[in-house]
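The opening residue of the sequence shown carries number 233 in our numbering; numbering runs sequentially from there. All C-beta atoms, glycine included, are put in the ideal place defined by N, C-alpha and C. Computed from a predicted structure; not experimentally measured. Notes follow once the structure below has been shown.
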Amino acid sequence: MPSQTRTSTKGSQELQIVQAFSSLEVPERIIRESNIKELLQGLSADQEKVLSEADRLNRLRGEKKDGNFVGNWFHGRSDKIQEAQLDLNASIGQLTQKSSQLLVVNTAISKVLSDQQKLLLQQQNLLKQQADELVAQNQRILDQQVQLGEQQQAINAANQGLLEAKGLTQEQAQQLVGCVKQVREAEQRIDAANRALRDEVTRDLGVASAQCVSQLGVGFANLEQRQTENARQLSDALQAQAERNKDEFARFAEDGQRLRDDIDRRLQEQDRTLASQATEATRVQAALEQRQRAHAQALQEQLGAHEAAALQQAASLRESFDQSRQALELNLSQRLLALRAGHDRRFGQQRLALAGASVLALAALGWQAAVHFALI
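Encoded structure:
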């Protein structure tokens, strides 16, 4: 019992779903623009195309991820990824469009099926009503047969009483004869009623059968006419949609070819630009290397000349310093002798020490100056 309840509930839910779809009003323009034949043929192809474009996009992204900046820029992987993304979006759009058209067709089919289901339900209800009437008539006939059986039993009992009666008076005999006449009349009336009831039931069954057959014929004729009209409309819509799709696909093909030509042209221009830039970079690098070599050679020559001049200047300074030192020592010696003679011994010794310290200081100062000029 629970399984039957679940089955009936499921059937009711499916019927409600079909009725919900059938209640939608699908514009005739959309039905005309739907191409069922091409939809069924191209749906699997579009699915395979979407999968192929997705694999291509993943492969290009993997190449860009594994490559470096220069390689990605040189091979134009970003543009290729963008182009693959556009192709994938276009394929998904075509698949979505065909899925939407299939949904519209399914809705129209659901509407036709719902109309047929309603017609069948009406016919089933009519047949059920007629079956209920037949059951009621059969029950009435059965009740009448039971009553006839009871009356027949009473008649049999009366006949049995007549057979067993003894010593009856004439009046009682007449009453018995009257009872027999009444019983016979009752039997005749019952037979007439049964015949009338059978005739009525037969007539009602004939009328109901004729009405049912007529309604079924009209319903099937209308259904066949509607199916023929729907098939014609669908065929016209498919033909028109096929023509439109053909023109649209041709336009898409032209746009795709123009896009590919533009991309090829840009790639060729980029290749030429890169080749020109590479040649210019090579030439500039060679010129820079040549200038660096010339500059290094000139610097080396200048350093050699400066070093020779510095050595010569250091030698000249050393000679001049030696001459100045000798003249200074001679002058200091003469002054020391003069001072030593002009002063006493104690002051002479102090001045002599002071003069010696001065000579040493001057000598150190001169030596530092000579070293400084020599380094310069």
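- When Cβ pairs closer than 8 angstroms are counted between the two stretches, the segment 420-429 is seen to touch the segment 373-393, the count reaching three or more.
- For residue 304, the enclosing alpha helix (DSSP H) begins and ends at 301-307.
- Counting of Cβ neighbours within 10 angstroms places residue 559 among the exposed residues, the total staying below 16.
- Ranked by how close their Cα comes to the Cα of residue 348, the residues 381, 458, 316 and 443 have 458 in first place.
- CA-to-CA, the gap between residue 306 and residue 504 works out to about 12 angstroms.
- Contact between residue 433 and residue 369 holds, since their C-beta atoms are separated by about 5 angstroms, short of 8 angstroms.
- Closest in alpha carbon position to residue 383, among 419, 497 and 507, is 419.
- C-alpha of residue 276 to C-alpha of residue 461: approximately 29 angstroms in a straight line.
- Non-local beta-carbon contacts of residue 304 in its own chain, meaning distances under 7 angstroms to residues more than five positions away in sequence, involve 296 and 310 in chain order.
- When the five nearest sequence neighbours on each side are left out, no beta carbon in the same chain lies closer than 7 angstroms to the beta carbon of residue 523.
- Residue 507 sits exposed, since fewer than 16 C-beta atoms from the chains shown fall within 10 Å of its C-beta.
- Rounded to whole angstroms, the separation of the alpha carbons of residue 285 and residue 316 is 7 angstroms.
- If you ignore the 5 residues before and after residue 323, its C-beta comes within less than 8 angstroms of the C-beta of 278, 281, 282 and 285, all in its own chain and listed in chain order.
- Considering only 483, 450 and 569, the residue with the shortest C-alpha distance to residue 354 is 450.
- Taking a C-beta distance under 8 angstroms as the contact criterion, residue 358 and residue 447 qualify as a contact pair.
- Using a 10 angstroms sphere on the CB of residue 342, the tally of other CB atoms reaches 16 or more, which defines it as buried.
- Residue burial is scored here from C-beta neighbours: residue 337 has at least 16 other C-beta atoms within 10 angstroms and is therefore classed as buried.
- Take the alpha-carbon of residue 308 and the one of residue 527: they are about 41 angstroms apart.
- Setting aside the 5 residues that flank it on each side, residue 318 has no residue in the same chain whose C-beta is closer than 7 angstroms to its C-beta.
- Contact between residue 320 and residue 289 holds, since their C-beta atoms are separated by about 6 angstroms, short of 8 angstroms.
- One Cα belongs to residue 389, the other to residue 417, and the distance between them is close to 17 angstroms.
- Apart from sequence neighbours up to five positions away, the residues of its chain that approach residue 499 with a beta-carbon distance below 7 angstroms are 308, ordered along the chain.
- With fewer than 16 other Cβ atoms inside 10 Å of its own Cβ, residue 345 counts as exposed.
- Listed in chain order, the non-local C-beta contacts of residue 313 below 8 angstroms within the same chain comprise 289, 292, 293 and 296, local neighbours out to five positions each way being set aside.
- By the Cβ-count criterion, residue 333 is buried, with 16 or more other Cβ atoms from all chains shown falling within 10 Å of its own Cβ.
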